[in-house]
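**Q** Protein sequences, first through last, are from chains S and Y. Residue 35 in the numbering used here sits at position 35 of the first sequence, with consecutive numbering throughout. Residue 35 in the numbering used here sits at position 35 of the second sequence, with consecutive numbering throughout. The beta-carbon is built from N, C-alpha and C at its ideal position, and this holds for glycine as well. Bear in mind that the values here come from a model prediction, so they are computed numbers and not experimental data. One structure follows; several queries about it will come next.
Protein chains: 2
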Amino acid sequence: MNIKEASEKTGVSSAAIRYYEKESLIPAIDRTPVGNRDIDDRIIRRIRFVTQMRAAGMSIENLRRYIELFDAQEDNTKEQKALLQEQLAVMEEKRDDLQAAIDHLNYKLNHFYDHMEATEEELRQLEREHADKLTREDDTPDGF
Amino acid sequence: MNIKEASEKTGVSSAAIRYYEKESLIPAIDRTPVGNRDIDDRIIRRIRFVTQMRAAGMSIENLRRYIELFDAQEDNTKEQKALLQEQLAVMEEKRDDLQAAIDHLNYKLNHFYDHMEATEEELRQLEREHADKLTREDDTPDGF
DNA sequence: TTAAACCTTCATGTACGCTTCAAGGCAAGC
DNA sequence: GCTTGCCTTGAAGCGTACATGAAGGTTTAA
Numbered sequence: 001m002n003i004k005e006a007s008e009k010t011g012v013s014s015a016a017i018r019y020y021e022k023e024s025l026i027p028a029i030d031r032t033p034v035g036n037r038d039i040d041d042r043i044i045r046r047i048r049f050v051t052q053m054r055a056a057g058m059s060i061e062n063l064r065r066y067i068e069l070f071d072a073q074e075d076n077t078k079e080q081k082a083l084l085q086e087q088l089a090v091m092e093e094k095r096d097d098l099q100a101a102i103d104h105l106n107y108k109l110n111h112f113y114d115h116m117e118a119t120e121e122e123l124r125q126l127e128r129e130h131a132d133k134l135t136r137e138d139d140t141p142d143g144f
Numbered sequence: 001m002n003i004k005e006a007s008e009k010t011g012v013s014s015a016a017i018r019y020y021e022k023e024s025l026i027p028a029i030d031r032t033p034v035g036n037r038d039i040d041d042r043i044i045r046r047i048r049f050v051t052q053m054r055a056a057g058m059s060i061e062n063l064r065r066y067i068e069l070f071d072a073q074e075d076n077t078k079e080q081k082a083l084l085q086e087q088l089a090v091m092e093e094k095r096d097d098l099q100a101a102i103d104h105l106n107y108k109l110n111h112f113y114d115h116m117e118a119t120e121e122e123l124r125q126l127e128r129e130h131a132d133k134l135t136r137e138d139d140t141p142d143g144f
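Put into structure tokens, the structure is as follows:
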């Protein structure tokens, strides 16, 4: 399949696929006799892997380091494992930061009083908010 | 407190604090008679809020939109709520992407066989991996 | 009074991750 | 033969989020 079809199949732009190849995030792609890229399913799967890790915030550089280890002939199992664990730790911290922020926003959301559409539930929450005031001030609220 | 102390207290660089003020992510900071910033705890709390949201991947632009609504005099409760919910949805999707990537890497990690330090646990996992082979090939593995 | 250690503003530089542009080649259909 | 539509490479451009540097002001301590 040509690069445009691969782009449509993966949702990754042609330019980005070329960029990933140049940065060795995906293996060197076979060419047709005239020099056009001929992309097979193995490449598609690697593009999807890259997409998933990128979406999770893994940098191009880290991704390349990781993939290089796998492409090397030597037995890098230990380093691979260490790199995996390192990256996992980074991602888990990110996830936890994200969850903390989600909790923060959810808290605010649950303490909102919408004057236009006050539901009984919200009214009850408003009362609780009032009761919590002192406690919340000890928590040094950010005002948002 | 001066900007350097605020920087040390929050872990945010002086340059970044100035930048946040310029971009209205934090309120205009009071000045000493000679024009130096005099940062109080209210500002510190806002810096921390910004830090948390930034760590969660909220863009400067979205953060500014959000904060502008709160600073406005009018009753924007509905818009604020909508914005909050919008941002929450974005963050939850991010968190789920992250979790999917974590699961992916954890799967790899659990199927690793470290030749140098094989523990009994890992040996057992190796056997299971062998048994899983056909299943995994149906899952179109990415090779990593 | 001179140096250190802060501060200010404004301008420019930097890293990342692509996107876009320029210049051209190849193949098919009118 | 010419347009359309795909492809190629290489270079340059771009948005984000700051970092860094220049030029200068103030306070503190020797």
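Can you give me, in chain order, the residues of the stretch 51-75 of chain S that have a beta carbon less than 8 Å from any beta carbon in chain Y?
**A** Q52, M53, A55, A56, G57, M58, Y66, I67, F70, D75
**Q** Does R46 (chain Y) have its Cβ less than 7 Å from a Cβ in chain S?
**A** yes
**Q** Name the residue from Y:I47, Y:N62, Y:V34 whose alpha carbon lies nearest to the alpha carbon of A15 (chain Y).
**A** Y:I47
**Q** Given a cut-off of 7 Å on the beta-carbon distance, is the pair I102 (chain Y) and M91 (chain S) in contact?
**A** yes
**Q** What are the residues in the stretch 79-97 of chain Y lying within 8 Å of chain S by C-beta distance?
**A** Q80, K81, L84, Q85, Q87, L88, M91, E92, K94, R95, D97
**Q** Can you give me the C-alpha to C-alpha distance between F70 (chain Y) and N110 (chain S), rounded to a whole angstrom?
**A** Rounded to whole angstroms, F70 (chain Y) to N110 (chain S) spans 16 Å at the Cα level.
**Q** Can you say whether T147 (chain Y) is buried or exposed, counting buried as having 16 or more other CB atoms within 10 angstroms of its CB?
**A** With chain Y running from 1 to 144 in the structure shown, residue 147 (chain Y) is simply not present.
**Q** Using 7 Å as the limit for Cβ to Cβ distance, is I102 (chain S) near chain Y?
**A** Cβ-Cβ to chain Y under 7 Å: yes for I102 (chain S).
**Q** Given a threshold of 16 other Cβ atoms within 10 Å of its Cβ, counted over all protein chains shown, does Q87 (chain S) qualify as buried or as exposed?
**A** buried
**Q** Quick check on this structure: which residue in Y:D96, Y:E8, Y:K4 has the alpha carbon closest to the alpha carbon of A55 (chain S)?
**A** Y:D96
**Q** Is L98 (chain S) near the ligand NAP, judged by its Cβ being under 6 Å from some heavy atom?
**A** This structure simply doesn't include the ligand NAP, nor any ligand for that matter.
**Q** Under 7 Å, Cβ to Cβ, is there at least one residue of chain Y near D142 (chain S)?
**A** yes
**Q** Sort S:K81, S:Q52, S:R64 by Cα distance to Y20 (chain S) and report the nearest one.
**A** S:R64
**Q** Within 10 angstroms of the Cβ of R37 (chain S), are there 16 or more other Cβ atoms? Answer buried if so, exposed if not.
**A** buried
**Q** At least one CB of chain Y closer than 7 Å to the CB of L185 (chain S): is that the case?
**A** A question about residue 185 (chain S) goes unanswered here, because the residues of chain S that appear run from 1 up to 144.
**Q** Please classify K22 (chain S) as buried or exposed, where buried requires at least 16 other C-beta atoms within 10 Å of its C-beta.
**A** exposed
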